[in-house]
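*Asks:* Residue numbers in the sequence shown follow our numbering, run continuously in steps of one, and reach 144 at the last position.
Sending over a structure as C-alpha cells; questions will come in a sec.
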Amino acid sequence: MTYGTRELRKLWREHWEESANRHKAWAATGYRHNSKPVHNPLPSVLVGMKCGARNRKGEPCNRVDLELNGRCKFHGGRSTGPTSTEGIARARANLTLRWSEPLVNG
Ligand SMILES: [Zn+2]
C-alpha cells in the first residue's frame, strides 16, 4: 500500500503522540525505572520521511528533521510561541528584562 503525503503526516503525528502519551503515563507513575516505557519503532514507511513543502525554488523541501506535524522548522513545524498564561507571562517578563538593559554602544 502506498501512502499519500497527507496520510504519512497523519501516521507521523499519531506515532509521536502515542509515544508522548506513553511517556506521560510513565511520568504519572513517578518515573519508575523498573517500568520504563517501551516505544514502538518508527514504522518503515516513515523512515527517511521528508518535509516535502514547496520551497522558494518551487521544489519539495528535503529536510528530514521534522516536527510533530511532519514539516521542518522552516515550513510550519516550529513552535508558535507560548500558549499558556504562565508561558505568556514568562515571555513578557523576559522581554522587559532584555529591553530594560542599556545599549552598550549608544
Ligand atoms: Zn521544509
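For each residue, glycine too, the CB sits at the ideal point set by N, CA and C.
#1: Between Glu139 and Thr118, what straight-line distance do the alpha-carbon atoms span, to the nearest angstrom?
#2: Between the beta-carbon of Ser57 and the beta-carbon of Pro75, is there less than 9 Å?
#3: Could you check the C-alpha separation between Lys88 and Trp54 for me, to the nearest Å?
#4: Taking 8 Å as the cut-off, does the CB of Arg116 come closer than this to any heavy atom belonging to ligand 1?
#5: Helix, strand or coil for Arg92, going by three-state DSSP, please let me know.
#6: Alpha carbon to alpha carbon, how far is Asn78 from Trp137? Give it in angstroms, no decimals.
*Replies:* This is what the structure holds:
#1: 26 Å
#2: yes
#3: 16 Å
#4: no
#5: strand
#6: Rounded to whole angstroms, Trp137 and Asn78 show a C-alpha spacing of 46 Å.
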